[in-house]
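Asker: When you read off a place in the sequence shown, starting at 1, and then add 2, the result is the number in the working numbering. For glycine and all other residues, C-beta sits at the position ideal for the given N, C-alpha and C.
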Amino acid sequence: MIKNLQYLIEEITKYGLEQNFIGNKYLFKLEKTLLKLLSFHIENEFLGDDAEYRDFDRDEFFYIKDNLIINFKSLQNYKYFDDITNLTDVQDIKIGNVIDDLNNVILDLLEVKYRIDYNGEIAGLSTFDHLFTLNMKEKILSTLIYLNRIKNN
């Protein structure tokens, strides 16, 4: 299980850590890997870990967003409803950004990698489950919906 997660982390984070992934073929590889990550979370159960660990320094990876912009110039903003049950309230329409979403997903995955490397598999899997449930799932789904729409237009 952990090897599969580590592979998915490597496959997704490379798009923010490096600058050599220009072109639609990489965008669709990213899409497939995000789907696999979503599936990974659905198919597995995770144990909780209540231990206190040193904070992960997200500021160390300030360049990820810039790399994503270079790699995926075509990605833009999207609109969504904050409350999907009330589609008539125009004031409820929000703007999201795919680059920001991917940046957050990659930072979350780097934190999971950090936990696995420095605090062990249980800590890493527990952190993945927590971050995925907290925010990552929503960011991945928004990104996948956006990529599906641009692919079909």
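(1) Enumerate in chain order the residues of its own chain whose CB-to-CB distance from Lys141 is below 6 Å, with the five nearest sequence positions on each side excluded.
(2) Return the residue from the list Leu133, Tyr116, Leu10, Phe23 that minimises the CA-CA distance to Asn69.
(3) When the Cα atoms are used, what is the spatial distance from Gly18 to Asn121?
(4) I think Leu146 touches Leu37, with their Cβ atoms under 8 Å apart; what is that distance to the nearest whole Å?
(5) Taking just the CA atoms, how far does Glu20 sit from Glu123?
(6) Tell me the DSSP secondary structure of Asn154 in three-state form.
(7) Name the DSSP beta bridge partners of Asn137, please?
(8) Starting from Gln21, trace the alpha helix (DSSP H) in both directions and tell me its first and last residue.
(9) Are the Cβ atoms of Ile101 and Ile66 separated by less than 7 Å?
(10) Using only CA atoms, which one of Leu127, Leu32, Glu33 lies nearest to Leu49?
Answerer: Per the coordinate set shown:
(1) Within the same chain, Asp103, Asn106, Val107 come within 6 Å of Lys141 by CB-CB distance, once the 5 residues on both sides are set aside.
(2) Of Leu133, Tyr116, Leu10, Phe23, the residue nearest in Cα terms is Phe23.
(3) Approximately 24 Å, taken between the alpha carbons.
(4) 7 Å
(5) 26 Å
(6) In the three-state reduction of the DSSP assignment, Asn154 falls in the coil class.
(7) Asn137 pairs with nothing; no bridge assigned.
(8) Looking at the DSSP string, Gln21 is not in any alpha helix (DSSP H), and its letter there is neither H nor E.
(9) no
(10) Leu127
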